[in-house]
Every structure is written in C-alpha cells, then in structure tokens.
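> Residue numbers (the UniProt record's numbering): 1 to 103.
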C-alpha cells in the first residue's frame, strides 16, 4: 500500500483490506510502517495485536520499534469493521434446528 503523494509527516493511506480468518482466537495482526524511497524501504515502526483484542471502530495505534519499545509521537489511525460471520463467531452463538440458542 502507498500513501498519497506529498503527504509529508501525516500521510493518508486510504486503503481497505478484507480477508477470511479461520482461527480468530489464534490470529495476530501486525501493522508495519515503511518509508519507501529510491534506496529501499526504511522501517519506521510496527505494532502487533491479537485479533480478538482489536475492537471495531476508529482506533489510534501506537508504533513501536523493532525491539517493541514505544516510539514517542508515532501512531496511526485506523477503522476496524468485522463482517457478519466474525460477529457470530465472536459471540459464540450457535442455533439448533428449532432456532433456539445452544451453548
């Protein structure tokens, strides 16, 4: 993904991703921010979080160094939305043939 050109210190990525996850209780999401230039991609920061902890809605995500230390004033904003199937799995609701909830 690439930011819009000439965004300086506050780039806007405006990208959407959709993917299926088979075992959400084991899934981790890793965000990596790189500065793409002529020489190569320079690491800026990263953040890793268990999928189960990533709540829907707007979130400010702090960036960390390669060693996991917080980077002062380095964060990004994202919007998280889960599809209908994710919400059913998260609530662990299973309906039997008569439409009653079962555990």
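Using N, Cα and C, we set each Cβ at its ideal position, and we do this for glycine too.
Alpha carbon to alpha carbon, how far is residue 30 from residue 68? Give it in angstroms, no decimals.
Mapped onto the chain shown, residue 68 falls at position 68. Mapped onto the chain shown, residue 30 falls at position 30. Residue 68 and residue 30: Cα-Cα distance of roughly 12 Å.
> Roughly how many whole angstroms lie between the Cα atoms of residue 41 and residue 32?
In the chain shown, residue 41 corresponds to position 41, counting from 1. In the chain shown, residue 32 corresponds to position 32, counting from 1. Distance between the alpha carbons of residue 41 and residue 32: 11 Å.
> Looking at the unbroken beta strand (DSSP E) that takes in residue 79, where does it start and where does it end?
Sequence index remark: in the chain shown, residue 79 carries index 79 (1-based). That run of the beta strand (DSSP E) goes 70-80.
> Which residues mark the beginning and the end of the beta strand (DSSP E) in which residue 48 is found?
Taking the chain shown and counting its residues from 1, the one referred to as residue 48 is at position 48. Taken as a continuous stretch (DSSP letters only), the beta strand (DSSP E) holding residue 48 covers 41-50.
> Using beta-carbon positions only, say whether residue 60 and residue 81 come within less than 8 Å of one another.
Position 60 of the chain shown holds residue 60. Position 81 of the chain shown holds residue 81. Cβ distance not < 8 Å, so residue 60 and residue 81 don't count as in contact.
> In chain order, what residues of the same chain lie with their CB nearer than 7 Å to the CB of residue 52, ignoring the 5 residues before and after it?
Within the chain shown, the letter at position 52 stands for residue 52. 24, 25.
> Assign residue 57 to buried or exposed, taking buried as 16 or more other Cβ atoms, counted over all protein chains shown, within 10 Å of its Cβ.
Within the chain shown, the letter at position 57 stands for residue 57. The residue is exposed, with fewer than 16 neighbouring Cβ atoms inside 10 Å.
> Evaluate residue 79 with the Cβ neighbour count: other Cβ atoms within 10 Å of its Cβ, from every protein chain shown; 16 or more gives buried, anything less gives exposed.
Counting from one through the chain shown, the residue named residue 79 turns up at place 79. Residue 79 should be labelled exposed.
> May I have the straight-line CA-CA distance separating residue 46 from residue 66, to the nearest angstrom?
The sequence position of residue 46 within the chain shown is 46, counting from 1. The sequence position of residue 66 within the chain shown is 66, counting from 1. So the alpha carbons of these two residues sit roughly 7 Å apart.
> For residue 14, I'd like the list of residues in its chain whose CB is within less than 6 Å of its CB, leaving aside the five on either flank, ordered along the chain.
On the chain shown, position 14 is the one that residue 14 refers to. Cβ neighbours of residue 14 beyond the five flanking positions: none.
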